[in-house]
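*Asks:* This is the structure I have questions about; it appears just below.
What follows is the structure, given as structure tokens:
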């Protein structure tokens with residue numbers, strides 16, 4: 002992105018994160034500025050945390066620990082149509098959507114309310130550990 006911005010210095014990007022199961026978006030950076038590599042802040046009435054994939058308590062991680070993104074909010078689906086097994090594997094009993102997206106919190110974060118986090122390109126948190134990591138995030 003830096004090379005592109007050198008060629009087009011007046012371009013403005015708004016980073017965001019979302020997925021089909023939480024349509025259309027769960028996070029965004031309202032003023033890009035220094036947070037170009039952040040997925041942003043949770044949208045209103047949306048909660049998010051990053052957890053170890055094998056932590057049954059699903060406690061949030063601290064800065065610079067890699068884990069799976071979980072989100073909860075009004076935009077999160079109630080389940081997969083006619084697929085109770087997939088719904089139970091994806092949505093926790095207390096309403097957290099397991100996104101299978103790997104990310105890393107940075108800056109100021111706490112257990113319950115995530116501030117900024119980076120998506121890890123080409124990396125999935127497949128609950129059996131991290132798979133498919135082809136590029137490390139700087």
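Numbering (our numbering), first residue to last: 2 to 139.
All C-beta atoms in this analysis are idealised placements derived from N, C-alpha and C, irrespective of residue type, glycine included.
Short of 7 Å in beta carbon distance, which residues of its chain neighbour residue 80, apart from the five on each side in sequence? Order them along the chain.
*Replies:* Taken in chain order, the residues that qualify are 88, 92.
*Asks:* For the alpha helix (DSSP H) holding residue 8, just list the boundary residues, first then last.
*Replies:* Taken as a continuous stretch (DSSP letters only), the alpha helix (DSSP H) holding residue 8 covers 3 to 8.
*Asks:* Roughly how many angstroms separate the alpha carbons of residue 94 and residue 85, rounded to a whole number?
*Replies:* Each residue's alpha carbon lies about 13 Å from the other.
*Asks:* Measure the C-alpha to C-alpha separation of residue 14 and residue 44 and round it to an integer number of angstroms.
*Replies:* Rounded to whole angstroms, residue 14 to residue 44 spans 17 Å at the Cα level.
*Asks:* Assign residue 86 to one of three DSSP states: helix, strand, or coil.
*Replies:* Of the three classes helix, strand and coil, the one that applies to residue 86 here is helix, per DSSP.
*Asks:* As a quick exercise: from 26, 46, 10, 17, pick the residue whose alpha carbon is nearest that of residue 74.
*Replies:* Selected option, being the one with the closest Cα: 46.
*Asks:* At what residue ranges does the region 35 to 65 contain a whole run of the beta strand (DSSP E), taking only runs of 3 or more?
*Replies:* Entirely contained in the region 35 to 65, the beta strand (DSSP E) runs reaching 3 residues are, in chain order, 48 to 52.
*Asks:* I'd like to confirm the pairing. Which residues does DSSP put opposite residue 70 in its beta bridges?
*Replies:* BP columns for residue 70 point to 51.
*Asks:* Please state the DSSP three-state secondary structure of residue 29.
*Replies:* Three-state DSSP puts residue 29 in a strand.
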